[in-house]
Amino acid sequence: MALPPPDPQFVLRGTSAPVHTLHFSCGAPEPDIPLLFSGSENGFIHVWNLKTHRVDTALDGHGRKSVYCVETMGSKDRLLRQPGFLRLQLVDNLFHCNSQGRDQRICFWDLAEGRTSLTDSVFTEHVGFCRCSLLKVAQGRWLIAMAARSLEEVGSQNFDLEPDQFLFVFLMSGSDFGAAIQDVSLYLETRGGCQAGHAHVSEVMAVFDFAASGDKAEEWELGELSCGSQPVLLAGYEDGSVVLWNVPMGKALSQLICHQEPVMSLDFDSEKAKGISGSSEKVLSIWSLNEQQNLQVYKTHELVNAGISDITIRPDKKILATAGWDHRIRIFGWKKLKPLAVLDYHTATVHCVSFSDHSNPRDRLLAAGSKDQRISVWSIYAQT
Amino acid sequence: MAVFDTPQAAFGALRPVCVQLTRAQTVENVEQLQAHLAGVSGAALQELQEYVLFPLRFALRVPGPKQERLVQSLVQCISSVLAATCVKKQELLQELFSELCTCLAPPPSSGKAAPLSEELKLAVIQALHTLMHSAYGDIILSLYQPSTLPLLGFAVSLLLTLAEQEKAKQIKISALECLQVLVLQCDCQEHQRLDEDEAQKCGDLFASFLPGISITLSRVIAGDIKQGHKTTVSAIRLFYLIVGLVMADKQLARIPKSKEKLPVEHSRLSELMIHRGPDWTKSTAEKLSLLLHKVVESSSVHPHWKVRLELVELVHHLLTNCNQSLVDSFSHLLKALVGLVNDENSEVQSRCNEVLQGIGEQRIVAQNRALADVLSENLHSLATALPRLMNSQDDMGKVSTLSLLLGYLKLLGSKVNIVLNSVSHLQRLSKALLQVLELDVTDVKIVEARRSGPPGPLQQGVQKSRCQKKYFRFFTEEKVFQLLQQVCRVLGYYGNLYLLVDHFMGLYSESSLYRKQAAMILNELVTGAAGVGVDFLQEREAPLSVDDLKGSITSILDEYMDQANWYLVTSIDTEESSPEQSVQHLGLAVRARGTSSSVLHLSPEPPVTTRTMNSNIWQICIQLEGVGCFAAVLGKEFRLLLLSALYPVLEKAGDRTLLISETALGTLADICEACGYDSVRSLINENSDYLVNGISLNLRQLAYQPRASQVLDTMLRHSDANLLPLVEDVIQDVLSTLDQTYNSQASTFLRVLHSVMTALDEVPLAKPEPSCDTGEAPMPSHAQLARDVMERCIHLLSDGNLRVRLKVLDVLELCVTMLHPHGNHLLPMAHRVWPALVTRLISDDPLAVLRAFKVLCTLAQTCGDFLRQRFSKDVLPKLTSSLLSQAPVSARAGPVYSHTLAFKLQLAVLQGLGSLCEELDMGESDLNKVADACLIYLSAKQPVKLQEAAQSVFLHLMHVDPDSTWLLLSEVCCPEGYEPPHASLRPVKLSGMGRPRNELTDNVLLLLQRLQQQEGTAPSSSTQEASPS
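Residue numbers (the numbering used here), protein chains in the order written: chain A, 1 to 384; chain B, 1 to 1029.
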């Protein structure tokens, strides 16, 4: 007989707003305290101490506008390059739900040594629910992919970010494909071999290095940077399609219509070259990337209730979790998409799911944030 | 008497008597010399020493039998010369020594002659004593040469014989003292200290005498008590001095490998000399061990305390000097020492402690592996015997056995880990402790003592908890428990905590028989490990780190608070038992499917006996005490553990069993103190997020719901406005849970809802801010909550269980109060509540009717207009008709009637009706109906209570409409006539006038009187009341 699903290990309360994004930072060895970042609709980022289960810090940098994405950039690289200056940075991608728009922003936070200062921010004028994606291409080199509205806007900004640190990939929303971008995801494609090329600017994709004072960074040779692998970008569109983009070349490699409804979230396993996407309909779509860089439908999975707001594959690629509009979190085996558990705790739409990056697998956690303003934290399949 | 200062003068004076004595050896002549000596100064006598001694020695040397008295006076005279002078020549010393010894020896010819007189023996002993002290400088050492060995041996054997065989105490003591001087261990300060080489040589010499001396002395020590304690004390002292000298580790370490070759002329002597090599040391130590055992056995129980004190000194001396050579004897010696810690004599006690302290401080045991082995052997054999001893000994015996155990542990110090690392040692020790600590669980009162009434408020201040007095199966003496406590703490202090915790946790989960004791031991181990309340001799090398301590505590807490160990059957209460038991089963199921699935737990549940329940209660209490201990040990660090520990403790604070809830309250107080909260209130306030998390998660499991609601209840009693958002969050959980489980848990949840509403009611609320857009104030969250709760009440109002209905009505009333300022929301709710409420009012248990009336009255305050119509239409007719139809029944009934339901119903309606009419501001026709229905209850034939209730109705009516009430009453009975103030007015004619006295008269008159008073005191009230508001 199947066991009843477990209860959450604990529940975090006190964001006083729906929770839209979660991000763990637990990889550091003791005595560093494991942290969970949550971004909520009221513009706050809460830093939860996972030992006390209490908020250590609340960051307010988004003018009460919803926070859609929080990422951390490890401190080790910085430490190597700048000894004595430990820096933990957060990138969060803000989106304003009202049609007023004009304030999508990526903020950089410095949290090292207890600081909570907002160091930089990047504006776009994109209106949508698209989260940004962060990828470390090499030591101290990061790619940030996000949706944008037009080339002119993003090109007109000047930033003084640390040199050679970030390369921004802007994917134009609503261009060739005539649909808004819903989710983007950056990966390093290892099988394609090294394709030396320059950062490319086209009508649909622009690569910027703001450190080079706003110029288009054509000298940034991504192929060399990532030695032997190159960054690719997967984007999910409102028309239900998933498109694979080659970042250095700036062109679409393959397009696949997976859903009848807008893609809400996608995640990709670059080892197996397989990805999964969820939409507002009752289907999970699993697709694969063949040797010719073509996306193909691999399998679909019928759900009981429609609407998936987030999909995350666990870092070890064994299981994945979905956040459902039906208030439930679902756990599947990644290999065969075998349904493993339905976690029923929340009383409203679950907005996001995230797996922790604990170094000891047994400590691994799953967290889910919901419209009911709670974050549930689960210890599930930690042993396997 | 003239004093002769110069040698010349002295010579002149002494010469005649000396010559006289040489000529005739008589007692008188000796006495004469003695008398003259008194007049000679010491310096002068020193010059003449040999001259004076000559006649005396000559007299002694004269062959043939001598008068004993003469010998005695000669010896005494020599003694007095020696006392005043120094012997500066080696030959003189040796000769005198040998001559004096000869005096004691039986005459060689006679074989066994008549024994010497005691006085003589004493004189000789004293003379020897004086001689030894008069030797000048290191002249004395000339006596201690291999060549003098036979002579010394002779003296030693003589003195030993005297010490052993004489009857007279004084001789015995003198002989022993003399021996002490002879082995150069005199107590007085005059002697030069021997340097290392000299001591070593003496040691070599005395080694020859060691067997003789030690055997004889051990016989003396074990001898008849009648010999007096002084003898025994001296013998013990001599024993340890000589053993300590000969067996001194320092000396033995310097012994060369092979025997020193003596010159040829001493070849015979060489045979006498002993080489203290390893073999000799070993065999001697073995023999001494036997002797020491004998000595310890006899003197540790000696009635005189000085003997026991001397035994302590013996152990101390030997332990300091011979802890390597005599290591095998220490088993007995330490046992004696540790045992004497609890001596009845305080001096022995304190000296014993001093010595132990010294041993600890000097790390004698820590540095001596062999000694540690001896101690651990002792410990092992004691641990083996411990269970048996604990069974058979009385409390006093247990005290001494346990202090022995404690002493061993303290002496071992950090070396205790040698013992603990051996599985068999640890097992014996732990089994013994487990057995001794077995609780007596036969007391029924523990199970019966229930907390009366609803959970009261927790103490606001911090009150230090006291441990609950426990009753043990095998002892009653408090001292025994204290010793056991110390044993565990010392173990925790020195021992490897991980090992110990692991071991006892193993025993904890091994069998429920051990569980309580193991928990008790674990609590003490942790306390000891933290160094709290431990009595130790030596500080441990490295104190335990807080992280290690926290690690152990966390694992113990996890085990304590495991479902299977925390939720035990403690009562067979009908209200509580079923969920509790189901929890038990559930807990077991959870366990069974976990990684540690043990067959043991799957065995069918034995029937719950009082004994089991008592045992379970104690187990929970001990675990709660443990939580308190852990908090105290960790201090503020414990705050992190509150995450998991606070909720379970709070749960137990609300337990129905008195002992458990009291213990839990104590634990809460401990936690407050440790974590720096000034009251239980602030503890709960500042950790309410943890509690809410626990409550919310527990509400998800049917079986845990009662306890979750209990915790919420307790929390609410202690929360304030700051917690409102959190509380609202969890109340939503409660409500949704309630929606799913109306039938089973309604009663529990209603209690919570009641608490919630009470708490909200007391919270000072901010005035709602009117929003500009709509013009209508948004409903504050607490009012929304009240509305949500009220919604549930509607469903529950028709619950089958009376208790539930009663609680619902209470909660409903609070909700109505809360929604009072929000009429727009209250009215629709009231509309929905109404049908169910009507049913309560007209066809329910009198108790429910009464409470429903209260709700009605509260509702009436806000929705008077809304209710008036409905009440008069739906409720009033039924109420009045039932009152009227029941009246004849109650009027006829006997005293038993007051116990019937019908009576209670009548009473409830009558009691509620008056105030209701007033609140609802009923119309005239309705009031008349009420008055009519109640009038008959004013009859004297009705039961008194009903009369009183009816009176109350009329008193209320008087408030509403005094005039018509007056009229109505006066129609029944009118005591006075009313004269018209003017002739043109018609006389007042009331039907009550002039009526004969009837059953209604008394009450009516009373009411009229009250009416008159009311009108008199508040003359304007009638007009006010009359005018519609």
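Note that beta-carbon positions come from the ideal geometry of N, C-alpha and C, so glycine has one too.
Bear in mind that the values here come from a model prediction, so they are computed numbers and not experimental data.
From which residue to which residue does the alpha helix (DSSP H) around Arg237 of chain B run?
Note, Arg237 of chain B: alpha helix (DSSP H), His229 to Val246.
Measuring CB to CB, does Leu11 of chain A end up less than 9 Å from Ile375 of chain A?
Sequence check: residue 11 of chain A is Val here, not Leu. Closer than 9 Å, so yes.
Could you tell me the distance, in whole angstroms, from the CA atom of Gly307 of chain A to the CA atom of Asp788 of chain B?
Rounded to the nearest angstrom, the two C-alpha atoms are 29 Å apart.
Output needed for Ala252 of chain A: all residues of its chain with C-beta closer than 6 Å, excluding positions within five of it in sequence on either side, in chain order.
If we look at Ala252 of chain A and ignore the five residues flanking it on each side, its Cβ neighbours are Val243 and Trp245.
Would you report the Cα separation of Pro8 of chain A and Ala653 of chain B, rounded to the nearest angstrom?
Straight-line Cα distance between these residues: approximately 25 Å.
Return helix, strand or coil for Phe475 of chain B, following the three-state DSSP convention.
Reduced to three states, the DSSP call for Phe475 of chain B is coil.
For Val711 of chain B, would you say it is in contact with chain A, using Cβ-to-Cβ distances shorter than 9 Å as the test?
Chain A contact via Cβ: absent.
Please determine if the segment 657-672 of chain B and the segment 696-714 of chain B are in contact, where contact requires at least 3 C-beta pairs separated by less than 8 Å.
With a cut-off of 8 Å, the segment 696-714 of chain B and the segment 657-672 of chain B do not count as touching, because too few Cβ pairs lie within range.
How close, in whole Å, do the beta carbons of Leu50 of chain A and Cys26 of chain A come, if the pair is a contact with beta carbons under 8 Å?
Contact holds; Cβ gap of about 7 Å.
Which one of A:Cys130, A:Val169 and A:Val122 has the shortest CA to CA distance from Ile144 of chain A?
Measuring from the Cα of Ile144 of chain A, the nearest candidate turns out to be A:Val169.
Using only the alpha-carbon positions, how far apart do Val947 of chain B and Arg995 of chain B sit?
Looking at the sequence provided, one finds Gln at residue 947 of chain B rather than Val. Going by the C-alpha atoms only, they are around 21 Å apart.
Taking CB distances under 9 Å as the criterion, tell me whether Phe385 of chain A reaches chain B.
In the structure displayed, chain A extends from 1 to 384; residue 385 of chain A sits before or after that span and is not available.
Using a Cβ cut-off of 8 Å, pull out every chain A residue sitting near Asp535 of chain B, in sequence order please.
Here the premise fails: no neighbours, minimum Cβ distance about 35 Å.
Taking only beta-carbon positions, decide if Arg700 of chain B is within less than 9 Å of chain A.
Cβ-Cβ to chain A under 9 Å: yes for Arg700 of chain B.
Please name the residue, chosen from A:Asp357, A:Ser133, A:Phe108 and A:Gly14, that lies closest to Pro34 of chain A on a Cα-to-Cα basis.
Pro34 of chain A has its Cα closest to that of A:Asp357, out of A:Asp357, A:Ser133, A:Phe108 and A:Gly14.
Under a three-way DSSP split, which group does Ile313 of chain A fall into?
Strand at Ile313 of chain A.
List the residues of chain A whose Cβ lies closer than 8 Å to the Cβ of Asp689 of chain B, in chain order.
Arg13, Gly14, His53 and Arg54, listed in chain order.
Could you spell out where the alpha helix (DSSP H) holding Pro648 of chain B opens and where it closes?
Note, Pro648 of chain B: alpha helix (DSSP H), Leu642 to Ala653.
Whole angstroms is fine: what's the gap from Gly358 of chain B's alpha carbon to Leu537 of chain B's?
Straight-line Cα distance between these residues: approximately 8 Å.
Does the beta-carbon distance from Leu420 of chain B to Gly528 of chain B come in below 9 Å?
Going by C-beta atoms, Leu420 of chain B is not nearer than 9 Å to Gly528 of chain B.
Can you give me the start and stop residues for the beta strand (DSSP E) that Ala368 of chain A sits inside?
It spans Leu366 to Ser370 - the beta strand (DSSP E) in which Ala368 of chain A sits, taken as one unbroken run.
Which residues bound the beta strand (DSSP E) around Trp48 of chain A?
Note, Trp48 of chain A: beta strand (DSSP E), Phe44 to Asn49.
With three or more C-beta pairs closer than 8 Å as the rule, is the segment 321-333 of chain B touching the segment 501-509 of chain B?
Touching, no, given that fewer than three Cβ pairs across the two stretches are closer than 8 Å.
Tell me which residues share the same chain as Glu438 of chain B and place their Cβ nearer than 7 Å to its Cβ, disregarding the 5 neighbours each side in the sequence.
For Glu438 of chain B, where only same-chain residues beyond five positions count, the Cβ hits under 7 Å are Phe472, Arg473, Phe474 and Gln517.
Taking the straight line between their C-alpha atoms, what separation do you get for His718 of chain B and Val341 of chain B?
Their Cα atoms are separated by approximately 51 Å.
Tell me which residues share the same chain as Leu859 of chain B and place their Cβ nearer than 7 Å to its Cβ, disregarding the 5 neighbours each side in the sequence.
Taken in chain order, the residues that qualify are Val816, Ala830 and Leu867.
To be precise: take each residue of the segment 664-683 of chain B, compare its Cβ to all Cβ atoms of chain A, and keep it if any distance is under 9 Å. Which residues remain?
Answer set for the segment 664-683 of chain B: empty.
Can you say whether Asn801 of chain B is buried or exposed, counting buried as having 16 or more other CB atoms within 10 angstroms of its CB?
Asn801 of chain B is exposed by the Cβ-count criterion.
Does DSSP put Ser278 of chain A in a helix, a strand or coil?
Looking at the sequence provided, one finds Gly at residue 278 of chain A rather than Ser. DSSP places Gly278 of chain A in strand when its eight states are reduced to three.
So, are the CB atoms of Gly992 of chain B and Glu971 of chain B less than 9 Å apart?
Yes. Within cutoff.
Do the segment 9-28 of chain B and the segment 363-377 of chain A meet, that is, are 3 or more Cβ pairs less than 8 Å apart?
The answer is no - the segment 363-377 of chain A does not touch the segment 9-28 of chain B, with fewer than three Cβ pairs under 8 Å.
Just the C-alpha distance for Ala155 of chain B and Glu177 of chain B, rounded to the nearest angstrom, thanks.
Between Ala155 of chain B and Glu177 of chain B, the C-alpha separation is close to 13 Å.
Run down chain D in chain order and give the residues with a C-beta less than 9 Å from the C-beta of Val692 of chain B.
Considering every chain present, this structure includes no chain D. Its protein chains are A and B.
If you measure beta-carbon to beta-carbon, which residues of the segment 727-750 of chain B are closer than 9 Å to chain A?
Of all residues in the segment 727-750 of chain B, Asp729, Val730, Gln732, Asp733 and Ser736 have a Cβ within less than 9 Å of some Cβ in chain A.
Just the Cα atoms here: how many angstroms apart are Leu389 of chain B and Asp733 of chain B?
Taking the straight line from one Cα to the other gives about 58 Å.
Verify the CB distance criterion: does Arg374 of chain A have a CB-CB separation below 9 Å to chain B?
Arg374 of chain A counts as touching chain B.
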